[in-house]
Every structure is written in structure tokens, then in C-alpha cells.
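Asks: There's a structure below that I have some questions on.
There are 2 protein chains.
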Amino acid sequence: MGQAARAASRHLASASTEAKSEALRAIADEVDQDRVAIKSANAIDMSNAEKNGIDQPLIDRLLLDDKGIDRMIEGVHQVDSLKDPVGEVTDLSYQPSGIQVGKMRVPLGVIAMIYESRPNVTVDAAALSVKSGNACLLRGGSEAFESNQAIGPCVSRGLKRAGLPERAVQLFPTTDRAAVGELLKLNDYVDVIVPRGGKGLIERIMRESMIPVIKHLDGICHVYVDEAADVRMAQDIAFNSKVEKYAVCNALETLLVHREVAGDVLPELAQRYSEEGVALRGCQSARQFVGAMAEATEDDWYAEYLGPTLAVRVVDGLDSAIAHINQYGSQHTDCIVTENYTRARQFVAEVDSASVLVNTSTQFADGFEYGLGAEVGISTDKIHARGPVGLEGLTSQKYVVYGTGQLRHR
Amino acid sequence: MGQAARAASRHLASASTEAKSEALRAIADEVDQDRVAIKSANAIDMSNAEKNGIDQPLIDRLLLDDKGIDRMIEGVHQVDSLKDPVGEVTDLSYQPSGIQVGKMRVPLGVIAMIYESRPNVTVDAAALSVKSGNACLLRGGSEAFESNQAIGPCVSRGLKRAGLPERAVQLFPTTDRAAVGELLKLNDYVDVIVPRGGKGLIERIMRESMIPVIKHLDGICHVYVDEAADVRMAQDIAFNSKVEKYAVCNALETLLVHREVAGDVLPELAQRYSEEGVALRGCQSARQFVGAMAEATEDDWYAEYLGPTLAVRVVDGLDSAIAHINQYGSQHTDCIVTENYTRARQFVAEVDSASVLVNTSTQFADGFEYGLGAEVGISTDKIHARGPVGLEGLTSQKYVVYGTGQLRHR
């Protein structure tokens, strides 16, 4: 599979925008044609999942009904509508020697995606890989095995219809755990691994493989309400950042509030959280402003609840807030709410996170909302892509140099 | 050292352009003031090197005379004159939700440099780190130990004069090999390792460390002379790419010539190489055009001679040339000489190397010549920086999002 992927990647790297677009349209069409087969395969996965007593949220993500298939198809068309990143040349400028030097965007080569239940990721990942000129190896979750095996042939036929190598997108034919171990050793055939799943899986990949990984481990996101915040805006942002969706990596996990405004912000906000069923855990100071708030321990500052629990801490100023975020945070997404120009700038400059926000909800940290069109995941690393990773994160650059016979004399 | 570097890196990341500039000017000044001490320390290294029977080229690179010190100082001023990369915001644009999203350039954090004999690298690396807002750990070669120990305090004093943390640049106080092993384990304190040295050293670092590495292993560079090449230009480029300097990673190692022009190009070029003392090793076809050319074996196509030896192969066309380069090359620097528009474009698109050149010498593949101002090394990886790595390669980006109270509704 690795060798076939490498060979296909060379072909795909020089495929025209038109051929890639044709492939995406054909993939969307094949999925549309194969609805019945995909739904029956998905029914098997669903019944197995119920038999195996899998959690309801996971079962929800597994379901592929007609609406879900429509969304998959729409996603492929959306990726098709994005600008082709490959071949873009930037910064082409003449140097004193007379050579003209620029940077050309090029595919990474072969991408391996390892993901869990949601079978729509199979089509998403295939579309993003093809559009960015990369071959890919896809390893979906065992719960979605039948669904993925039904989707895979649609992708292959779509590629074939556009004259691109069918093996540019290869689905693992097994959910054997040992197969992941083999994948992690394919240094020569895989350029990057994009895991989407539990922290355990990602840590295993990092430990066992020399292949670079685009990933984040945690999303411990903060909102800091500054003393110069618009109180109502701060409450709305803190509320939306937490409750719009709990189980996402960009959900608020710790709220920091300046001591001066804690009395204005916290009591009413705590009431709104309480009505929504969010349990608060606060520091001693925070508890003075809100009756019946549980006491936070040191562990709470490190917690990614991914559910209706929120840590609350009162701080003495911006420096304490930044220090808290840089110490306990996960460098994912952090927000300040303030009307103060200088402190907004300081927060943006000094918070060392992939996304730093002023006066808006942490839940916006997302490839679609950032205008990337789609994302394969979010990176909290500083090497290569950082933040939501779209087509550009799946590419690299090379230097192109145009001369007219220049020689170098050292 | 790791903890001190991490702490200093936070300070440096938010240092003003002015403070960093003041530090660089003070470092240059301190080196200038300490010439006598630096030269005496260097004399000890030189005498040890001679005692230990170290190779002449290595001894040449070790020498720090007044001219060498002048060049070091000039290098620091050059880095000082570059634009501060930190804080640059690009692509700031409004999204449909009303949030404004852009990318801000930020330092990586802590950079570890591991390098060999040349003591001037100590000052170069310090200057590049400070300018890019990074702290650094420097581990020089044992041959240059005394020189480096004399240069180190100049850097510390320069930082102190500018009010920046002295430990933003830390030199290893030992050349104990075990210390490198310890360095490789500092995942939490070192963001990237930049090794400059032998392939063995770099392979060891990759094997033993989970810290990302900016590196290249080989520089097996090619010039392909197309059938539509200007023959004289092709000869000049092939000659300059090889003989301008042998022991550099961007020197030509394998010359590929289209069969149609081999008779025009090779005999005269072979004569020029021969006068310069370059030994040729050719394929059977190449040997038909040049008398007394040794026969190349398969190993020669993989060879990085770094000396006056050159492999020569006659090929049947552009596709064969590209296939040869992608198979045997090291994805470092490769050049086509041609007047044909379509083939020039195809070569640039399909050769999968960090630098792809048309009609100019491979020896131009260099940070200074590319307009980066300086370089810490050359990367042949596709993840993060690729090609010559300057200030930008020592930085990352984060997303900055400016809102006016927007909330997300999924």
C-alpha cells in the first residue's frame, strides 16, 4: 500500500487542476449513485454498535442517513470549489546576482489519516488529499468499517473516471490494530500522519513513529474577561464559548475574570450556566461572587471537560491571566474580552496559542469559520501548520530559481 | 539550561524590535572589544587541532584571525539590518460571520543548534535566534571549544546591555558527548534542533529524539542539459556548479546530458574539468564521447563526492532525467539548462527538490543568494521550512481573530 501510494502521489502531484476537479465531481456522483449500498452498510455498523453497547454520542456520529450523505456530497463540491493550492508561486523577485527566486507550493506526498467513528471523514479526507495533490492512506475506526468499505469503491471509481490513479486514495482493508503499527513504520512511504481521535492514540503515534504528525492533544480553551470588558458582551461570549457545543476541542474550559468586574460578570452568568445545566468549579475568590459553586482544585485548571463543567478563576490582571493560560493551557484557542486597546494587543502578542481571539467566541476556531474552506484537523504544534489545517497545511513549498546563465563567484 | 532557555524565550518573544537590535549591536561591539581574548583562545584550539592531527580543511575553518572576526561582526550587523519577522500579520480578512482572521508570525521558542568546527557559527546562530525572538542552546564542536568559550561571554554581555535575559543564548559548558544525549531528551524545553554536521550526527539525532529537526542529510545535486540548451551556457553552468566550491552541499555531483547534445557538450566540458583536476565517471554512452573516462557504477549515482569527482550520465530525454533525479537525488538542488519553454516548466513542476533551478548554477542555492539575508542551514524536508532556512524558518504563525462580540451558532 505504501509503495502504491508513493507511486500514485507522483502522478497526483503533477495532475492538472481540471483532472483533480473532475475526480472530485465524479467521487461526489459515485457516492450519490451508491446511496442504497452505503446506507445498508451503515445499518450493519449501527446494529453492531448497538449490540456492542457503544455510547450514544458515538452512535450519533456513526449514522449515515440521506441527509448525512447529502452533506458528504456537498462537502466534496465545497472542496472542489476551493482554489488549487499546488503550483502557486509567491515572492518571485530578482536578486543582486540577476537570478529570480520564488517559492512554489507543492504537495507533501503521502498523507496517512487515522480517525474514529464518523464515516464522512473518509470522503472529506479523500477530497482534501486529491485537491492538494497528495495520495492518502485512510484508516477509519472499526465501528464504521462496513460504511467505509462501501464508500471506498466510490472514491476509487471517481478517481478512475478522471484518469487519476485509483490507489491515490487507499482505505485500510482491516481494522486490525497491528496494521496501525505497520503504518507507523512506513517512514519512506508516508510524509505525514494526521490522527483524529483520542489522546491515547495520538500519544502512541508520536511515541512509536518517526513520521511527522499534524495534531493537537488537548483543547483547554480560555476566555479572559478584562476589567475593561463590555460586561454583556463578555457574558455572551463566555456563555456561547461553553454551551454552543460541549464535546469540541474549541469549547471553553476555564473562564478567567478580572477581580474588578467579577461582581458584575459572574452572578448573572452563573445563573445562565446553571439554567443550561453547566456545573461550575471556582477558585475561592470566584466562590465569593456565586453561591453554591464547587471548589476548584489544581486539576481543574488542567482539565478538558468536553462536557457541561466549567472552571472559573478570578485573576488580578492581564499578566496573571496570560501566565495562567501559558501555564495550564494547551496552546489551542484563547480569547480576551476587552475594550482596552493596549491590553488587547498585549494578549494577542503574548498568549502562545494557535488561535488568539479578541471579543469573539472560542467556538469560531475552525477551518470553515477561518475561511480555509475545510480542515483536516487542528494543530497546536509550531512546526509546519498551526491552528486549523486546510489545503495549505497539506502542502509544502520549494524554491524555484529562474536564471539566464548566471554563475556564482564566491 | 532547558528551563532557563524556556523562561528566556518567553521574554524574548515579546521583546521589541528596538531591544533586539540593541542587543545585536552590543554583541557585535563586545566581540570587537574582545578580539585579543578571542584570538588567544582560538590559538589554543588551533594548536590542539594540529597536535591531534586534524585535517587541513577543518583547521582552515577553525581559524579566527582579525579578518574572520571582522566577518563575524559584519554578519551580526547584516542580521540586524533584516526586517523583524515577529508580529507580522498577513491575510487579515473578514469572514461571513463578521470576525476578522489573520496569521501572525511568532517565534518557535527554543532552538538547539549542534554544529562542528567553525566558531563563527556561534555568533551567527546567536544573532539569528535573537532577531527571530527565539532563545537558543548552542553546542559547538570540541575542536572549537576554547574559541566558543571566549565568544559566549560577549554574547551574554551584549544581551545584558540591551536589557534582555543573558540566558537567551546559552553555550554548552562541555563537549562531553553524553551532553548531546541529554539535549535530545529535552522535548519540553526545545522546540527544534538544527544540526550542522556529518550525516552520522544528524541520523543519530533523528533516531534518538522526538524533537523536530531542521536538516538535510545529503546534497546530491544535478544539472540536466536538455537537447534545447544553449551549449556554451550549459557548459559554463555545469562547470561552475561543480568547481566553484567542492565541499558544499549545493555542488554538482551528477551531470545528466541529453543524448542529442552530448557530442556538442561533453568533449570540451570534459577538457575543462580535466584541467581543473575533476575526475569524471560516466555511463557507457557518456564514455563514447570522452576518451579516458572511468566507468560509473550504480553507487556513483548515489554519491555525494564533496570533492573533485563528477558522475556523468547520458539520458534519452526529460522524463528520464526527472526519473533519475527523483530516484537517486537527495531532493536538495537540481537544475535544467534549456531554451525550451515547455520542458523548463515541466522540470520545475516535476522535480521534487527543495530548490529547482533553470539556467543557473546550483551553487546559488544559499540563503544569502536567495535574499533571506542569512541562513541557519538548508532543509530537504517537506514539513515546516524547506530549502535555505533564514529568519522565517525559525518562526511559526498563529491565527489572530478580531471580533466585535460575534457568537457562533452551529
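Same order as they appear, the protein sequences are chains A and B. Under our numbering, the first residue of the first sequence carries the number 18, and numbering increases by one thereafter. Under our numbering, the first residue of the second sequence carries the number 18, and numbering increases by one thereafter. Backbone N, C-alpha and C define an ideal beta-carbon position, used for all residues, glycine too.
Give me the residue from A:Pro229, A:Ser146, A:Ala311 and A:Gly85 with the minimum Cα distance to Leu176 (chain A).
Replies: Comparing Cα-Cα distances from Leu176 (chain A) to each of A:Pro229, A:Ser146, A:Ala311 and A:Gly85, the minimum goes to A:Ser146.
Asks: Is there a Cβ from chain A that is less than 9 Å from the Cβ of His401 (chain B)?
Replies: Yes, His401 (chain B) counts as interfacial toward chain A.
Asks: Does the beta carbon of Ser110 (chain B) sit closer than 9 Å to a beta carbon anywhere in chain A?
Replies: Yes, because at least one Cβ of chain A sits closer than 9 Å to the Cβ of Ser110 (chain B).
Asks: At the level of alpha carbons, what is the spacing between Asp243 (chain A) and Gly407 (chain A)?
Replies: Cα to Cα, Asp243 (chain A) sits roughly 32 Å from Gly407 (chain A).
Asks: Hey, does Ser347 (chain B) have any beta-carbon neighbour from chain A nearer than 9 Å?
Replies: By this cut-off, Ser347 (chain B) is not an interface position.
Asks: Given Tyr387 (chain A), which residues of its chain have a CB within under 7 Å of its CB, disregarding the five upstream and five downstream residues?
Replies: Cβ neighbours of Tyr387 (chain A) beyond the five flanking positions: Pro405.
Asks: Would you say Ser149 (chain A) faces chain B, with C-beta separation under 9 Å as the test?
Replies: No, Ser149 (chain A) lies away from the interface with chain B (no Cβ there is under 9 Å from its Cβ).
Asks: With a CB to CB cut of under 7 Å and the five nearest residues on each side skipped, what residues in its chain are close to Cys171 (chain B)?
Replies: Result list for Cys171 (chain B): Ile44, Glu47, Val48 and Asp51, in chain order.
Asks: From Arg42 (chain A) to Glu133 (chain A), what distance separates their C-alpha atoms?
Replies: Rounded to the nearest angstrom, the two C-alpha atoms are 26 Å apart.
Asks: Exposed or buried, what is Arg403 (chain A) when buried is set at 16 or more other beta-carbons lying within 10 Å of its beta-carbon?
Replies: Label assigned to Arg403 (chain A): buried.
Asks: Between the region 215-242 of chain A and chain B, which residues of the former have a C-beta closer than 9 Å to a C-beta of the latter?
Replies: Taking 9 Å as the Cβ-Cβ cut-off against chain B, the residues of the region 215-242 of chain A that qualify are Met223, Arg224, Met227, Pro229 and Ile231.
Asks: Going by beta carbon distance, what residues of the same chain come within less than 7 Å of Ala361 (chain A), once the five residues before and after it are set aside?
Replies: Hits under 7 Å: Ile353, Thr355 and Val375.
Asks: In whole angstroms, what is the alpha-carbon distance linking Arg221 (chain B) and Asn69 (chain B)?
Replies: Rounded to the nearest angstrom, the two C-alpha atoms are 25 Å apart.
Asks: Are three or more beta carbon pairs between the region 173-188 of chain A and the region 74-90 of chain A nearer than 8 Å?
Replies: Verdict: no, contact absent.
Asks: What does Arg414 (chain A) reach in chain B if we use C-beta pairs closer than 7 Å?
Replies: What sits at residue 414 (chain A) in the sequence shown is Gln, not Arg. Correct list: Arg403.
Asks: Where do the ends of the alpha helix (DSSP H) carrying Asn376 (chain B) lie?
Replies: Asn376 (chain B) -> not in any alpha helix (DSSP H); beta strand (DSSP E) instead, spanning Ser372 to Thr377.
Asks: Do we get a CB-CB distance below 9 Å when we pair Arg425 (chain A) with the residues of chain B?
Replies: Chain B, which has a Cβ nearer than 9 Å to the Cβ of Arg425 (chain A), makes this yes.
Asks: Which residues, taken in chain order from the region 351-383 of chain B, show a beta carbon closer than 7 Å to some beta carbon of chain A?
Replies: Here the close residues are Val365, Ala366, Glu367, Ser370, Ala371, Ser372, Val373, Leu374, Val375, Asn376, Thr377, Ser378, Gln380 and Phe381.
Asks: Looking only at C-alpha atoms, which of B:Pro284, B:Pro325 and B:Asp247 sits nearest to Val265 (chain B)?
Replies: Cα-wise, what sits closest to Val265 (chain B) is B:Pro325.
Asks: Would you decide whether Val331 (chain B) is buried or exposed? Buried here means 16 or more other CB atoms lie within 10 Å of its CB.
Replies: Buried, since its Cβ has 16 or more Cβ neighbours within 10 Å.
Asks: Using a Cβ distance threshold of 8 Å, determine whether the region 281-297 of chain B contacts the region 205-216 of chain B, with at least three qualifying pairs required.
Replies: No contact exists between the region 281-297 of chain B and the region 205-216 of chain B.
Asks: Less than 9 Å between the C-beta atoms of Ala320 (chain A) and Met310 (chain A), yes or no?
Replies: No, these two residues do not count as a Cβ contact at 9 Å.
Asks: Tell me which residues of the region 316-337 of chain A have at least one Cβ-Cβ distance to chain B shorter than 8 Å, keeping chain order.
Replies: The residues in question: there are none.
Asks: Could you spell out the range, first to last residue, of the beta strand (DSSP E) harbouring Met130 (chain A)?
Replies: Val127 to Tyr132 is the span of the beta strand (DSSP E), which, as asked, contains Met130 (chain A).
Asks: Who are the Cβ neighbours of Ser413 (chain A) in its own chain at under 6 Å, not counting the five residues just before and after it?
Replies: Here the set comprises Val123 and Leu125.
Asks: Strictly under 9 Å for the Cβ-Cβ distance: is Met15 (chain A) near chain B by that measure?
Replies: The requested residue 15 (chain A) does not occur in the structure, where chain A is confined to residues 18 to 427.
Asks: Does the beta carbon of Lys262 (chain B) come closer than 9 Å to any beta carbon on chain A?
Replies: Interface residue, yes.
Asks: Considering only their Cβ atoms, is the gap separating Val240 (chain B) from Leu272 (chain B) smaller than 9 Å?
Replies: A contact, by the Cβ cut-off of 9 Å.
Asks: Indicate whether Glu160 (chain A) and Asp62 (chain A) have their beta-carbon atoms separated by less than 9 Å.
Replies: Result yes, Cβ atoms of Glu160 (chain A) and Asp62 (chain A) sit closer than 9 Å.
Asks: Look at the alpha carbon of Glu277 (chain A) and the alpha carbon of Asp333 (chain A), and state the distance between them as a whole number of angstroms.
Replies: Going from the Cα of Glu277 (chain A) to the Cα of Asp333 (chain A) covers about 8 Å.
Asks: Looking at Gly92 (chain B) and Ala144 (chain B), is the spacing between their C-beta atoms short of 9 Å?
Replies: Contact flag set, yes.
Asks: At 7 Å on the CB atoms, spell out the chain B contacts of Met250 (chain A), in chain order.
Replies: Simply Gly422.
Asks: Output yes if chain A places a C-beta closer than 9 Å to the C-beta of Ser291 (chain B); else output no.
Replies: No, because no Cβ of chain A sits closer than 9 Å to the Cβ of Ser291 (chain B).
Asks: Can you name the start and end residues of the alpha helix (DSSP H) that Arg52 (chain B) belongs to?
Replies: Where Arg52 (chain B) is concerned, the enclosing alpha helix (DSSP H) stretches over Arg52 to Lys68.
Asks: Using a C-beta cutoff of 9 Å, does Ala257 (chain B) count as contacting chain A?
Replies: According to the sequence provided, residue 257 (chain B) is Asn. The question's Ala does not apply to it. True, the Cβ-Cβ gap to chain A drops below 9 Å.
Asks: If distances are taken between C-alpha atoms only, which option among A:Ala391, A:Arg427, A:Gly420 and A:Val418 comes closest to Leu411 (chain A)?
Replies: It is A:Ala391 whose Cα lies nearest to the Cα of Leu411 (chain A).
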